[in-house]
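Input: a single structure, listed below in structure tokens.
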């Protein structure tokens, strides 16, 4: 488990990011000028430890496709790809949904008190999924308060 905690040094607002579960920002508590705290995001109880329903908690990062692939099958430049039903993102309708990385660990590249940058590359972080996509792909995300 790798929880990254970010704190805004001016306001005291805090974010919690599950780097081991798709770099999901599952908690953000905003501090108002009058000292009140506002919990902004929804996350299922225990999400950061059990990883249940990663697309329904916090801010899931959906890559390399954010929506649905009908019946988990698509063609690209003459090659047909079929996504296995074992992907976390399979829904009851039989469509693949939400990409390859929302339940996977991300590599933290840099971190300060108030920001974190991390990356996910299919060939490095989910090599068994590389044959499911036409090319290797990488995404880098920076959260900053």
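Residue numbers (this note's numbering): 349 to 493.
Where is the CB? At the ideal position from N, CA and C, for every residue including glycine.
Keep in mind it's a predicted model, so treat the numbers as computed, not measured.
Within the segment 464–492, the complete alpha helix (DSSP H) segments at least 4 residues long are 470–473, listed from N- to C-terminus. For residue 417, the pairing in a beta bridge is given by DSSP as 444. Excluding sequence positions up to five before and after residue 485, its CB lies within less than 6 angstroms of the CB of 412 and 470, all in the same chain and listed in chain order.
Runs of the beta strand (DSSP E) spanning 3 or more residues and lying entirely within the segment 375–423 occur at 385–387, in chain order. Taken atom to atom, the span from the alpha-carbon of residue 359 to that of residue 386 is near 12 angstroms.
In the three-state reduction of the DSSP assignment, residue 367 falls in the coil class, being assigned neither a helical nor a strand state. Using a Cβ distance threshold of 7 angstroms, residue 468 and residue 481 do not count as a contacting pair. Closest in C-alpha terms to residue 445, from the list 414, 472, 430 and 474, comes 414. The alpha-carbon separation between residue 422 and residue 405 amounts to approximately 28 angstroms. When DSSP states are grouped into helix, strand and coil, residue 351 belongs to the strand group. Under the three-state reduction of DSSP output, residue 452 falls in the coil class, being neither helix nor strand.
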